[in-house]
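Structure first, then comments.
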Amino acid sequence: MVWSPAQYLKFEDERTRPARDLLAQVPELPEGPAFDLGCGPGNSTELIRDRFPEATLSGLDSDENMLVAAAKRLPGITFERADLASWTPPAGASLFYGNAVFQWLPNHLTIFERLMNALASGGTLAVQMPDNLAEPSHLLMEETARSPAFAEVFAGKTIRRNPMPGPATYVECLAPQAASIEVWHTIYHHRLANAEAIVEWVKGTGLRPYLDAVPEDRRDAFVAAYTDRIRAAYPAMSDGKVLLHFPRILIVAVKA
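Sequence positions in the sequence shown follow this note's numbering and run 161 to 416.
So, in structure tokens, the structure goes:
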């Protein structure tokens, strides 16, 4: 996929809100390096730096555009390109922090076990993931892709990411190595200008794989068809604005 830091940051405050909520539940860290996994343009890295200014902090991402944006934003932080599916975490880390990244990795339970194993005693794995595949914003991406106008483009392709496991699955995965585990769902209701704003939001994340699959000369048509569906699914309130209903799952596990 091709990621755009500028598109992602159009809604920086709303996107950073769950990152702040997650970080607020991270306890004090032991000695050891801290890592922002899937750091994107550095908005979450900045939160970690401000909360733990003494920590040796690095940001990792698989997208070069995001890393360039993050390095420009935080010139004093080390940013590295890495594929989290195969990355080997260093032993003795104090924090592995992942904001809205692991939902893209079908094997993230295995990755969580590997990260927990690498944490220092008292270190924390903190993860936030969108859990919104059942929301109209995402169901309508698939509906548009399978509509007669675009069915041949997506024939034989699986774009939709895997649904999230239930909370018990995460607890059972992390419990063998954890002194404490907190898992919770939060639903954010983002008040946005109109239906087009919802489309602009998802262009930076969930809609990206669909747009990458559509030939460039048909992308505007795909976006227009999707926008019509979004407009019907998210009616305007009395002030003309719309509410984007956005569930997320948050996990904080402290190593024993």
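Don't be surprised by glycine CBs; every beta carbon is placed ideally from N, CA and C.
Could you have a look at residue i and say whether DSSP puts it in helix, strand or coil?
i	result
Ile237	coil
Pro290	strand
Glu342	strand
Ile118	The structure shown does not extend to residue 118, since the chain is modelled only from 161 to 416, so the question has no answer here.
Ala253	strand
Less than 8 Å between the CB atoms is what I'm expecting for residue i and residue j, so what's the real figure, rounded?
i	j	result
Asp243	Ser222	5 Å
Ser254	Glu191	7 Å
Thr318	Phe382	Their Cβ separation, rounded to whole angstroms, is 17 Å, which puts Thr318 and Phe382 out of contact at 8 Å.
Phe256	Met289	Rounded, the Cβ-Cβ distance is 14 Å, inconsistent with contact.
Leu189	Phe272	Actually they do not touch by this definition, with Cβ atoms about 18 Å apart.
Thr238	Asn203	Not quite, the Cβ-Cβ distance comes to about 17 Å (not below 8 Å), so this is no contact.
Leu197	Gly258	4 Å
Val412	Gln185	5 Å
Ala278	Ala251	5 Å
Ile347	Pro395	Ile347 to Pro395, Cβ: 19 Å. No contact.
Trp264	Arg321	6 Å
Could you give the first and the last residue of the continuous beta strand (DSSP E) run that contains residue i?
i	result
Val412	402–415
Ser222	Careful: Ser222 lies outside any beta strand (DSSP E) and carries neither H nor E.
Mind checking residue i: buried by the 16 CB within 10 Å criterion, or exposed?
i	result
Ser340	exposed
Met397	exposed
Ala230	buried
Pro178	buried
Pro201	buried
Ala309	exposed
Ser418	Summary: the structure shown does not reach residue 418, with the chain confined to residues 161 through 416, and so no result is reported for it.
Thr284	buried
Thr329	exposed
Arg378	exposed
Trp344	exposed
Asp388	exposed
Val402	buried
At what residues does the alpha helix (DSSP H) containing residue i begin and finish?
i	result
Phe382	379–393
Ile328	For clarity, residue 328 is Ala in the given sequence; the question names Ile instead. Element bounds for Ala328: 327–334.
Asp372	368–373
Trp361	355–363
### Message
Runs of 3 residues minimum, wholly inside the segment 181–215: which ones carry the beta strand (DSSP E) assignment?
### Response
194–197
#### Entry: Inside the segment 262–310 only - beta strand (DSSP E) runs reaching at least 3 residues
279–290
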